[in-house]
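Undergrad:
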Amino acid sequence: MDQWERPRSEFQLWRKMGEGCFGEVWEGMWKNTVPVAIKIMKQADMRDDFVKEIRNLKSLKHTRLIKLLAVCSVGEPVYIVTELMRKGNLHSYLNSAAGKELTTHHLLSISCQVADGMTYLEEQHIIHRDLAARNILVGDDLACKIADFGLARLLKDDIYSTTGSAMIPVKWTAPEAAIYQTYSPKSDVWSYGILLYEVFSYGLCPYDGMTNQETIQQITRGYRLPRPNSCSPEIYSIMLECWKTHPEDRPTFLNLRDALFSIYKWARHSFS
Numbered sequence: 001m002d003q004w005e006r007p008r009s010e011f012q013l014w015r016k017m018g019e020g021c022f023g024e025v026w027e028g029m030w031k032n033t034v035p036v037a038i039k040i041m042k043q044a045d046m047r048d049d050f051v052k053e054i055r056n057l058k059s060l061k062h063t064r065l066i067k068l069l070a071v072c073s074v075g076e077p078v079y080i081v082t083e084l085m086r087k088g089n090l091h092s093y094l095n096s097a098a099g100k101e102l103t104t105h106h107l108l109s110i111s112c113q114v115a116d117g118m119t120y121l122e123e124q125h126i127i128h129r130d131l132a133a134r135n136i137l138v139g140d141d142l143a144c145k146i147a148d149f150g151l152a153r154l155l156k157d158d159i160y161s162t163t164g165s166a167m168i169p170v171k172w173t174a175p176e177a178a179i180y181q182t183y184s185p186k187s188d189v190w191s192y193g194i195l196l197y198e199v200f201s202y203g204l205c206p207y208d209g210m211t212n213q214e215t216i217q218q219i220t221r222g223y224r225l226p227r228p229n230s231c232s233p234e235i236y237s238i239m240l241e242c243w244k245t246h247p248e249d250r251p252t253f254l255n256l257r258d259a260l261f262s263i264y265k266w267a268r269h270s271f272s
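Residue 49 in full-length UniProt numbering sits at position 49 of the sequence shown, with consecutive numbering throughout.
1) Who does K58 pair with in a DSSP beta bridge?
2) Look at the alpha carbon of Y197 and the alpha carbon of Q12, and state the distance between them as a whole number of angstroms.
3) For the beta strand (DSSP E) containing T82, name the first residue and the last one.
4) How about C144 and I194: do their beta carbons lie closer than 8 angstroms?
5) Under DSSP, the beta strand (DSSP E) around G28 begins and ends at which residues?
6) To which residues of the same chain is V81 closer than 6 angstroms at the C-beta, ignoring the five residues directly before and after it?
7) Ends of the beta strand (DSSP E) at I219?
8) According to DSSP, is A177 helix, strand or coil?
9) Run through the region 94 to 139 for me and flag every whole beta strand (DSSP E) of 3 or more residues, listed as ranges in chain order.
10) Quick one, are the C-beta atoms of T215 and Y202 less than 8 angstroms apart?
11) Output the boundary residues of the alpha helix (DSSP H) element that contains I235.
12) Any contact of the region 225 to 234 with the region 170 to 183, i.e. 3+ C-beta pairs under 8 angstroms?
13) Rounded to a whole number of angstroms, what is the C-alpha to C-alpha distance between S92 and H106?
14) Give the DSSP bridge partners of K39, in chain order.
15) Report the CB separation of R64 from I146 in whole angstroms; it is logged as a contact under 8 angstroms.
16) With DSSP as the reference, please indicate the residues paired to residue 273 in a beta bridge.
17) For E248, which residues in the same chain have their Cβ closer than 6 angstroms to its Cβ, ignoring the five residues on either side in sequence?
18) For S187, does the count of other Cβ atoms within 10 angstroms reach 16, so buried, or fall short, so exposed?
19) Considering only the beta carbon of each residue, do K61 and E83 sit closer than 8 angstroms?
20) Alpha carbon to alpha carbon, how far is K42 from E19? Give it in angstroms, no decimals.
21) I need the DSSP call for N229, collapsed to helix, strand or coil.
22) I need the straight-line Cα distance from R153 to L121, nearest angstrom please.
23) How would you write the range of the beta strand (DSSP E) that I146 sits in, first residue to last?
24) Please name the residue, chosen from V25, S96, Y79, R134, that lies closest to S9 on a Cα-to-Cα basis.
25) Can you name, in chain order, every residue of its own chain whose Cβ lies under 7 angstroms from the Cβ of S165, other than the five neighbours on each side?
Here it is as C-alpha cells:
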C-alpha cells in the first residue's frame, strides 16, 4: 500500500479556508493531534490527472515548498493533505491590515524565500506554470512556502483563459507560454517578476483594468508594468530583467536568489 495513502476517517474538517471550482480547502486535524490543510477535490474529471501529479510531487522536499503529508485517493472525494500555513495565501495577506504594515525589509524577505524555493524547482527541472502570490502560503514569522507546484495548471478558475484545452493565468504568464504554450523555467521567471510586482505593490492586480487579450497585446508591443511606489529602482530593474522578451535573456532563479539576497543583507545592515 502507498505509504502516503490514508483513510479519510483519520481527518477531521474544522474550518473552510477557501473555495474554488476545483473544490474546497479546509483547516483540519489529523488523528486529533496534527493541524493540517485539506484540499478536497470535487471534479471527477480531474481525478486521474490530479492523482498522477500528486505522485510526481512526493519526491520534492525543500523548506520553501509546502509539504505534502497524506493523500486520500480511494473513493470520492480525493483529499490532498498538507502542512497548515495559518496566515493563508500571500495575495490575501498583502491586502490585509497586517500585510499593509510590512516593511521593505519584510517584502525582501518574502521575495528571497520564494526565489530560494524556485531555485530548487529549477534544479529539479520542475516548471510551476502558475507562480503567483495566490500560490504562496504564509505561516508564522512570515515564513513563505510555494504551493500547487505542478498542480495549479489543472485548476479551473476565473483567473485563467482557455487556450485549446489549457487553462492559463494570462496576466502572470510569459508571452511565449500564453501565445504558443511554450513553458520553461524561464517562463516561470517571467511569472516571478509579476509576483515581485504583487509583493512591492502590496497586492495590486497586475494590468488592472485590462482584459487578458489587451494584456497580451500590450506586452507584445513592449509595455511593461510600472514601478510600484514602494519599490526601489534596484528591485524594479530585477523585475524588468524577468520580463525580457526573449526567454534566454532572462536570469535564472539562482541568479535572482543571489541578487535579492545581496540586497536583503545590505538592507538589513543599513537599517539595523
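All residues carry an ideal CB built from backbone N, CA and C; glycine is no exception.
TA: Let's see:
1) Bridge partners of K58: none, in fact.
2) 38 angstroms
3) 78 to 83
4) no
5) 23 to 30
6) V36, I38, L69, A70
7) No beta strand (DSSP E) holds I219; the alpha helix (DSSP H) holding it covers 212 to 220.
8) helix
9) 136 to 138
10) no
11) 233 to 242
12) no
13) 16 angstroms
14) V25, I80
15) 6 angstroms
16) One cannot answer for residue 273 here, as it falls past the ends of the chain, which runs 1 to 272.
17) none
18) buried
19) no
20) 11 angstroms
21) coil
22) Confidence at R153 is low in this model, with a pLDDT of 46, below 50, so the placement of that residue should be treated as unreliable; the coordinate-derived value is given next. Their Cα atoms are separated by approximately 16 angstroms.
23) 144 to 146
24) Y79
25) Any reading at S165 must be qualified, since the residue scores a pLDDT of 45, below 50, and its modelled position is unreliable; no value is offered.
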